[in-house]
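Letter by letter, the sequence shown follows residues -6 to 110 of my numbering.
Note that the Cβ used here is the ideal one computed from N, Cα and C, for glycine as well.
Predicted, not measured: the structure shown is a model, and the values here were computed from it.
Below you'll find the structure, written out as structure tokens, and then a few comments.
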Amino acid sequence: MEQRSSGRRSMSLGAVVACPRFGLIRGQITDLGGGGLYVRAETSIVPIGAPVTVTFHPGEGICKGCVSLHGRVIHQSLHGFGIAFGDLDSECADALAGMAPGIAPAHRRAMPTLRAG
-6 MEQRSSGRRS MSLGAVVACP RFGLIRGQIT DLGGGGLYVR AETSIVPIGA PVTVTFHPGE
54 GICKGCVSLH GRVIHQSLHG FGIAFGDLDS ECADALAGMA PGIAPAHRRA MPTLRAG
């Protein structure tokens, strides 16, 4: 089993998990860290290693719209599953930082820089 590389924060936040193989799954984000999150759901049919997208609204004070994070399922339980984030764009990383101050995202995608000359 993979070890966590960052701190965690408990919460209760509605989310939709999209899996190409199993469709949409509604659940609650109950645990969030810089490297991943745990979704409590009535199903745990999403296989370990499956790519998923988690969409949620972090709150008006954090950002105006929904955030979609890409990752993969890394563990399952009877009550849901854990997801490790893939590379995060700056908007997603900023939303996570606003939701869990002090927990730095583990994977931040570098944005290209334009250079003159």
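On the premise that residue j lies in contact with residue i, defined as a C-beta separation below 8 Å, what is that separation, rounded to the nearest angstrom?
i, j, result
"arginine 33", "histidine 72", "5 Å"
Roughly how many whole angstroms lie between the Cα atoms of residue i and residue j?
i, j, result
"histidine 36", "phenylalanine 74", "Reading off the sequence shown, one finds threonine at residue 36, where the question assumed histidine. Approximately 9 Å, taken between the alpha carbons."
"glycine 28", "glycine 79", "8 Å"
"methionine 4", "isoleucine 38", "23 Å"
"leucine 62", "alanine 86", "9 Å"
"leucine 25", "alanine 88", "12 Å"
"alanine 8", "glycine 16", "14 Å"
"serine 83", "serine 70", "31 Å"
"leucine 6", "histidine 50", "8 Å"
Buried or exposed for residue i, please, with buried defined as at least 16 other CB atoms from any protein chain shown within 10 angstroms of its CB.
i, result
"alanine 103", "For alanine 103, the predicted model reports a pLDDT of 43, less than 50, meaning its position is unreliable; a value from the coordinates is still stated below. Its Cβ having fewer than 16 others within 10 Å, alanine 103 is exposed."
"glycine 42", "exposed"
"leucine 81", "buried"
"glycine 52", "exposed"
Taking a contact to mean a Cβ-Cβ separation below 8 Å, would you say residue i touches residue j in this structure?
i, j, result
"alanine 93", "arginine 2", "yes"
"cysteine 12", "valine 60", "no"
"alanine 77", "glycine 58", "no"
"valine 10", "proline 40", "no"
"isoleucine 18", "leucine 30", "no"
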